[in-house]
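Q:
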Amino acid sequence: MNNKKKKKKRSKTYKFAIKKSTLLIILLIAAAITAALLYVFRPQSEEGSQVTAETLDNLNLARTDRLMIVAHPDDETLWGGSHLLDGGYLVVCLTNGSDDVRSKEFEKVVTMSGNIPLILNYPDKVYGSRDNWDDSAKNIQKDIETILTYKNWKMVVTHNPEGEYGHIQHKKTSSITVQAYLNTGSNRKFSLFFFGDYYKATKIKNADKELLKMSDGDLQRKKQLLSEYDSQEDVVEKFSHMLPYENWKEY
């Protein structure tokens, strides 16, 4: 091959490389713009707070003196199902109110356990990514304060500060509830509790001696409630090693 042909070939290779690089840059820019637009126009929960005194009036809470606040449908049963069997709870779920499947599962399970459900519509996952609630925290806290001051609760329970296994929305639910608890101190006559510590399946055997197990009967009833969460079967299985334990701790 003579020098002229070699130069021509190198020129074509160079031009192809430039075109390829240019196309890659364009694709990256397009992806960045798309991500930005998806964030700006992401689905939002209802604007403002979502709970009023009228909301609570309509629930008929005269015989309800305990309050449970959770981030997602199924959390109430995974971390407190045995306690729910005692009845007398208003169970507030902060997310998935607009999800037809998950909201119906939640309402069915809480009602089956002999308690009253209230599901709100703060964001859970947005386009597959977990929302950090930066835009929702103030309204969530306002709603929780409205609920805390609505009546004289006997006790209140929510996620622990570690978010059980580290879930950011569990952590946020815990910290927001604690802040609401502190803000309503002048009207407070109840005790605040957290869900028990979480242990990995590989470490639960070592912790078993320190933890109090629920009765076999309560465990079976708890599992029966969880069986209604068809959409969360994998989640229930993932945390099945923790089902016999609900060692709540006082704040």
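Residues are numbered in my numbering as their position in the sequence shown, beginning at 1, plus a constant of 3.
Backbone N, C-alpha and C fix where the C-beta goes; we use that ideal spot for every residue, glycine too.
Can you tell me which of the three DSSP states K216 falls into?
A: strand
Q: Quick check: what's the CA-CA separation for H75 versus D211?
A: 27 angstroms
Q: Let me confirm a value: M245 is counted as buried when at least 16 other C-beta atoms fall within 10 Å, else exposed. Which label applies?
A: buried
Q: Compare the beta carbon distance of F198 and G83 with 8 angstroms and say whether it is the shorter of the two.
A: With respect to G83, F198 sits close: the two C-beta atoms are nearer than 8 angstroms.
Q: Across which residues does DSSP place R261 in a beta bridge pair?
A: The first residue shown for the chain is 4 and the last is 254, placing residue 261 beyond what the model contains.
Q: In this structure, does DSSP put Y201 in helix, strand or coil?
A: coil
Q: In chain order, which continuous runs of the beta strand (DSSP E) of length 3 or greater are located wholly inside the segment 98 to 140?
A: 119 to 125
Q: I need the DSSP call for Y232, collapsed to helix, strand or coil.
A: It is coil, neither helix nor strand.
Q: Taking 8 angstroms as the threshold (C-beta atoms), are F109 and P120 in contact?
A: yes
Q: Rounded to whole angstroms, what is the Cα-Cα separation between E231 and V113?
A: Whole-angstrom Cα-Cα distance: 10 angstroms.
Q: On the DSSP bridge assignment, give the partners of E253 in chain order.
A: F196, per the DSSP bridge assignment.
Q: Between T176 and L26, what straight-line distance do the alpha-carbon atoms span, to the nearest angstrom?
A: 44 angstroms
Q: Indicate whether S139 and I122 have their beta-carbon atoms separated by less than 8 angstroms.
A: no
Q: Is it buried or exposed, Q3, if we count other Cβ atoms within 10 angstroms and call 16 or more buried?
A: This structure does not reach residue 3, given that the chain is present from 4 up to 254, and the question cannot be answered.
Q: Going by other Cβ atoms of all chains shown within 10 Å of its Cβ, with 16 needed for buried, is I179 buried or exposed?
A: Taking a 10 Å sphere around the C-beta of I179, we find 16 or more other C-beta atoms and assign the residue as buried.
Q: Write down the C-beta distance between V181 and Y130 rounded to the nearest angstrom, noting that I regard them as a contact closer than 8 angstroms.
A: Not a contact, Cβ separation roughly 30 angstroms.
Q: Is it buried or exposed for K225, if we count other Cβ within 10 angstroms and need 16 for buried?
A: buried
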